[in-house]
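The next block holds one structure in the form of C-alpha cells; read it before the comments.
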Amino acid sequence: MVLSVISLPSKYAELFRCKDPLTMLAWNNLCLLFTADLDLLEIGSGREGSEPARRAMVAITKWSRSAGARRAILHASQIFLILSSSRLQVSNMARADRLLFVSALVLSMYLFVVEQRDTEDIQVFELVQEINWTTIGGEGLQSSQEYNQPISPSISERPADLVDTASEFIRHGGPVSFSGEDQLSGATAARKILLNFVYLLDDVGKWRESRYSQLLRIMSDLVIEGN
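Take 154 as the starting number for the sequence shown in the numbering used here and just add one per residue.
What follows is the structure, given as C-alpha cells:
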C-alpha cells in the first residue's frame, strides 16, 4: 500500500503537475495517515483527560523527532495551501473542516513538542509552498512500528540534482516558517498555527460553526493553559 502511494506522483505525473485540488487533497490526506497517529495526537491534545494526555505526549515527543513527523507537517501544510488558494471548501466533495482539523492537529502538536536546537547556521524552511513530491519519493514514510526508516533511497544515495530543500528538511529537520512567519517550538507557536486554520475556516463561512471548527477554537484557547 505504501509503495503504491509513493509511486503515484511519478505514475500520474501530469495529474500532479496540474495540481488538481481534489486529487492533491486526497493524496496529502492519505499520506498523513501513514506519517501520523491521529488517535495518539487527539489523546495528547486532551480528548481523554489530563493523565492519558501526559502519557501520550511521551510518544508524541518521540514521533516529533522522526522523519515521518517532518513529512507529516509538510502534508498538513499542503492541505492548508490547497484549501486557502482554491477555496474548495464550498464543494460538497470535500469536508474542508475535517481536513483542516486533522492538518492543524498534526502541525500544532509537532510544534508544541519538537525540541528547539541551535539553528544559527540552518536555513529556515517555509512550510506553505509548492512541493515536488516526485523528487521526495518515499522520504519519511515509515511503518507504524519504526521511525526514521525511509523506504526509498536516502538523500546521500541520490543524484545531487534530485536533492531539494524539502527532502533535506524531512531527513534532517530544522527551523520552519508558516506563511512567512518563523515558528519556534512551544505553546505559542502551536496556538498561532491553530488560529491560522481557524481564520481560514472563518474566511469561507460554510464550516464556521462545524464541530471541527469549534474544536480548533477550543484547542487554541486551551493550548497555553496546557503548557
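By construction, the Cβ of each residue, glycine as well, lies at the ideal position given by its N, Cα and C atoms.
So residue i and residue j are in contact, right, with Cβ under 8 angstroms, and what is the actual spacing, rounded?
{"i": "Glu292", "j": "Arg324", "result": "6 angstroms"}
{"i": "Ile232", "j": "Leu178", "result": "6 angstroms"}
{"i": "Trp360", "j": "Ala249", "result": "6 angstroms"}
{"i": "Ile275", "j": "Gly333", "result": "Not really, about 18 angstroms apart at Cβ, beyond 8 angstroms."}
For a quick check, are the C-beta atoms of residue i and residue j less than 8 angstroms apart?
{"i": "Leu407", "j": "Ser338", "result": "A query on residue 407 cannot be resolved here, the shown segment of the chain reaching from 154 to 380 and no further."}
{"i": "Phe350", "j": "Ser217", "result": "no"}
{"i": "Met402", "j": "Ser198", "result": "Shown here, the chain extends from 154 to 380; a query on residue 402 therefore has no answer."}
{"i": "Ala212", "j": "Val259", "result": "no"}
{"i": "Leu168", "j": "Ser261", "result": "no"}
{"i": "Leu253", "j": "Leu234", "result": "no"}
{"i": "Ala222", "j": "Leu185", "result": "no"}
{"i": "Trp239", "j": "Pro162", "result": "Here the sequence assigns Ser to residue 239, which means Trp is not the residue at that position. No, the pair does not count as a contact, with Cβ atoms beyond the cut-off."}
{"i": "Met210", "j": "Val155", "result": "no"}
{"i": "Glu365", "j": "Arg251", "result": "Glu is not the amino acid found at residue 365; the sequence shown has Tyr there. Taking 8 angstroms as the Cβ cut-off, Tyr365 and Arg251 qualify as a contacting pair."}
{"i": "Phe187", "j": "Leu294", "result": "yes"}
{"i": "Phe278", "j": "Thr318", "result": "yes"}
{"i": "Thr287", "j": "Ser320", "result": "no"}
{"i": "Val158", "j": "Leu183", "result": "yes"}
{"i": "Ala206", "j": "Ile196", "result": "yes"}
For residue i, report the span of its beta strand (DSSP E) as first-last.
{"i": "Ser330", "result": "Val329 to Phe331"}
Per DSSP, what are the beta-bridge partners of residue i in this structure?
{"i": "Glu334", "result": "Phe331"}
{"i": "Glu279", "result": "Ser330"}
The alpha helix (DSSP H) that contains residue i, what's its start and end?
{"i": "Asn182", "result": "Pro174 to Thr188"}
{"i": "Ser163", "result": "Val155 to Lys164"}
{"i": "Ile226", "result": "Ala220 to Ser239"}
{"i": "Ser363", "result": "Element bounds for Ser363: n/a, residue is neither H nor E."}
{"i": "Lys215", "result": "Ser203 to Ser217"}
{"i": "Leu294", "result": "That residue, Leu294, is in no alpha helix (DSSP H); it is neither H nor E in DSSP."}
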